[in-house]
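Beneath this line is the structure, given in structure tokens, with notes to follow.
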Amino acid sequence: MPLDPHLFLAFLVAAWVLILTPGPDMLFVIGQTLSGGAGRGWAALLGIGTGALVHVALAVSGIAALLAASPALFDALRIAGALYLLWLAFGALRSAWRGGHALRPAAPARMAFRDGLVTNLTNPKVVLFFLAFLPQFVDPGRAPAWLQMALLGPLVPLMGVPFYGLLIAGADRAAARLSAFSRWLDGLAGLLFLGLGLRLLVSGRPA
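The numbering of the sequence shown is the working numbering, which starts it at 932 and goes up by one.
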């Protein structure tokens, strides 16, 4: 067996703690669901999950380590991701100002997928997360480290699907009940994106 059973059990526990802890991904999915329904929420989650798999591949290949060692690249990614989130916030807040969903057609789900993918890929904290998290559950005496990380990494987004499914369903029901207040839902989504963008912009590089 390429994975140590005890380390694998510890990994599952730690992964669930991380999944259940509120964070940027959770807020982003909620914001997309509030502004466009369950379809957009699922598309956003798929985009985030795809980005996470790319980060796992980067960590396994060693490219993520090179990125983490370069302050210039780290800051460039951080600023790009923050600006993209601020752009999403501007669009949602502008829609709220103009009167919400009634004044514009529903955005296709592929846009939510794109937004989730881009915001995840341009968040350098995710790079550092996988670099710091996965190696803790690797047993050097078993299979190669890259193989163990490749097996463990994809489990994090996959394990979160049931929980996020409940989250999306709840947010979608809330949005349906408040459909008359669509401009306020757009405003709430815009404020969520604005907070995420500003947080990423001013967070800087961790010590």
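C-beta atoms are modelled at their ideal positions from N, C-alpha and C, and glycine is treated no differently. These numbers come from a predicted model, not from an experiment.
The alpha helix (DSSP H) spanning residue i covers which residue range?
{"i": "S992", "result": "A969 to S992"}
{"i": "A1074", "result": "No alpha helix (DSSP H) holds A1074; DSSP gives it neither H nor E."}
{"i": "G934", "result": "Residue 934 is actually Leu in this sequence, not Gly. Element bounds for L934: n/a, residue is neither H nor E."}
{"i": "P1055", "result": "P1055 to F1064"}
{"i": "D1046", "result": "A1040 to L1052"}
Hey, residue i and residue j are a contact pair by Cβ (cut 8 Å); roughly how many whole angstroms apart?
{"i": "V1069", "j": "L989", "result": "Contact flag wrong, Cβ pair sits at about 16 Å."}
{"i": "M1047", "j": "G978", "result": "Contrary to the premise, residue 1047 reads as Gly rather than Met in this sequence. Confirmed, Cβ separation roughly 3 Å."}
{"i": "V960", "j": "L1098", "result": "7 Å"}
{"i": "P1085", "j": "V987", "result": "6 Å"}
{"i": "P933", "j": "L1078", "result": "6 Å"}
{"i": "A1040", "j": "R971", "result": "6 Å"}
State buried or exposed for residue i, treating a residue as buried only when at least 16 other CB atoms are found within 10 Å of its CB.
{"i": "P936", "result": "exposed"}
{"i": "S1026", "result": "buried"}
{"i": "R1104", "result": "exposed"}
{"i": "M1080", "result": "buried"}
{"i": "V991", "result": "buried"}
{"i": "S1001", "result": "exposed"}
{"i": "W1018", "result": "exposed"}
{"i": "P1055", "result": "buried"}
{"i": "A946", "result": "buried"}
{"i": "V1087", "result": "buried"}
{"i": "R1035", "result": "At R1035 the pLDDT is 42, less than 50, meaning the model places this residue with poor confidence; the figure from the coordinates comes in the next sentence. Exposed, by the Cβ-count rule."}
{"i": "A1063", "result": "exposed"}
Using 8 Å as the limit for Cβ to Cβ distance, is residue i near chain D?
{"i": "G978", "result": "The displayed structure is made up of one protein chain only, and chain D is not part of it."}
Below 8 Å, how does it come out for the stretch 1123-1133 and the stretch 1016-1023: are there three or more Cβ pairs, yes or no? yes
Do the stretch 1001-1019 and the stretch 1060-1076 make contact, defined as three or more Cβ pairs closer than 8 Å? Short answer: they don't touch.
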